[in-house]
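Report on the structure given below.
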Amino acid sequence: DHNAIQKFFMHGIGHHLGLDVHDLADRNVPLQAGMVITCEPGIYIREEGLGIRLENNILVTDEGPQDLMVEIPIDREAVEERMNALVRY
Numbered sequence: 107d108h109n110a111i112q113k114f115f116m117h118g119i120g121h122h123l124g125l126d127v128h129d130l131a132d133r134n135v136p137l138q139a140g141m142v143i144t145c146e147p148g149i150y151i152r153e154e155g156l157g158i159r160l161e162n163n164i165l166v167t168d169e170g171p172q173d174l175m176v177e178i179p180i181d182r183e184a185v186e187e188r189m190n191a192l193v194r195y
């Protein structure tokens, strides 16, 4: 149901990335090597005051997509470990 999806997922899934955070580009033009796009799904539950959005920056290459965020942890334990390390620092 479109309305149910819109309730929790109220934005797009990504955008071009370039000279500006939300670089303007024609969505109808096929991706080409050298372009950088984001993949950023998110879900928000307003009634609970909860939300999460994960963003990966993807470089388009002739060999295929390259995730520029691959070294950044996204699982809970790894994120908490890094955050705790920053607090101790």
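The numbers in my numbering rise by one with no breaks, and the one at position 1 of the sequence shown is 107. The C-beta atom is built at its ideal place from N, Cα and C for all residues, glycine as well.
Expected contact under 8 Å - CB spacing of residue i and residue j to nearest Å
{"i": "phenylalanine 145", "j": "isoleucine 119", "result": "The residue you asked about is not phenylalanine; residue 145 is cysteine in the sequence shown. Sure, about 6 Å apart at Cβ, within 8 Å."}
{"i": "leucine 192", "j": "asparagine 163", "result": "Rounded, the Cβ-Cβ distance is 22 Å, inconsistent with contact."}
{"i": "histidine 117", "j": "glycine 155", "result": "Not really, about 18 Å apart at Cβ, beyond 8 Å."}
{"i": "leucine 137", "j": "valine 166", "result": "5 Å"}
{"i": "aspartate 173", "j": "alanine 139", "result": "Going by Cβ atoms, the distance from aspartate 173 to alanine 139 rounds to 15 Å, so no, they are not a contact pair."}
Under the three-state DSSP convention, the category residue i falls into
{"i": "leucine 165", "result": "strand"}
{"i": "isoleucine 111", "result": "helix"}
Beta-carbon proximity list for residue i, same chain, < 8 Å, skipping 5 on both sides
{"i": "methionine 175", "result": "Glu161, Asn162, Asn163"}
{"i": "asparagine 180", "result": "One detail in the question is off: residue 180 reads as isoleucine in this sequence, not asparagine. Hits under 8 Å: Leu160."}
{"i": "proline 171", "result": "Ile164, Leu165"}
{"i": "valine 185", "result": "Pro179"}
{"i": "asparagine 190", "result": "none"}
Neighbour-count burial assignment, residue i, 16 or more Cβ in a 10 Å radius
{"i": "isoleucine 151", "result": "exposed"}
{"i": "histidine 108", "result": "exposed"}
{"i": "isoleucine 59", "result": "For residue 59 there is no data in the structure shown, the boundaries of the chain being 107 and 195."}
Test: residue i CB closer than 7 Å to a CB of chain C
{"i": "histidine 122", "result": "This model lacks chain C altogether; it includes just one protein chain."}
For the region 120-155, which segments carrying the beta strand (DSSP E) assignment without a break, of at least 3 residues, lie completely within its bounds, in sequence order? 142-145, 148-151
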